[in-house]
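Below is one structure, written out as structure tokens; the observations come after it.
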Amino acid sequence: MTQSLTIHALLPVRPEILYRIWMSSQRHSEFTGSPAVIDDRVGGEFSAWNGYITGKNLALEPGHRILQSWRTTDFPEDAPDSELEILFESYTGGTVLTLYHRSLPDEQVDDYRLGWEEQYLQPLKEYLERATDGEEMH
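Each residue of the sequence shown is one higher than the one before, starting from 320 at the first, in the working numbering.
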């Protein structure tokens, strides 16, 4: 069996900026504090957290949507890739980021929920607060 999770976050930048941060090897590495390599084209592969996370871009709508196959080295060998979908929706003052993570191994879903909150969304919020190039971020 597999599980899914949904997480929402309000972030104080435009969707286009947030999308570019997420899909940039350099900026992704900066906000997570760990190496990421991202080929930002449909069909392009990515890795994050020094290879712990790997996958492929299945659909990309700049500023709006990212759809990826996604797995970690903790997935059972016979487990299929999960599916990660991130939506960026404009609201007054920034972006509503909605993260849908589908087809996660049952026993790991709570770990990934915590990981998204602690290793991605909180550091991303802090990164945006620290950003010195305010013009580019809004």
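Heads up, the beta-carbon is just placed ideally off N, CA and C, and yes, glycines get one too.
Inset, instruction - Report yes if the C-beta distance between I405 and T392 is below 9 Å; otherwise report no. - result: no
Inset, instruction - Find the nearest neighbour of I326 within the set I372, Q427, M320 and R421, judged by alpha-carbon distance. - result: R421
Inset, instruction - Give the straight-line distance between the Cα atoms of E454 and W389, rounded to the nearest whole angstrom. - result: Confidence is the limiting factor: at E454 the pLDDT is only 48, short of 50, which leaves the residue's position unreliable, though a coordinate-based value still follows. Near 33 Å, if we compare the C-alpha coordinates of W389 and E454.
Legend entry - Coarse secondary structure for F365, derived from DSSP in three states: strand
Inset, instruction - Could you check what DSSP says for S401 in three-state terms: helix, strand or coil? - result: strand
Legend entry - Cross-strand partners of I336 (DSSP beta bridge): DSSP, once it has assigned bridges, lists no residue as partnering I336.
Inset, instruction - Answer with buried or exposed for A378, where buried requires no fewer than 16 other C-beta atoms within 10 angstroms of its C-beta. - result: exposed
Inset, instruction - Leaving aside the five residues before and after L386 along the sequence, list all residues of the same chain whose C-beta is less than 6 Å from its C-beta, in chain order. - result: L377, A378 and E404
Inset, instruction - Determine the burial state of Y410: buried for a count of at least 16 other Cβ atoms within 10 Å of its Cβ, exposed for fewer. - result: exposed
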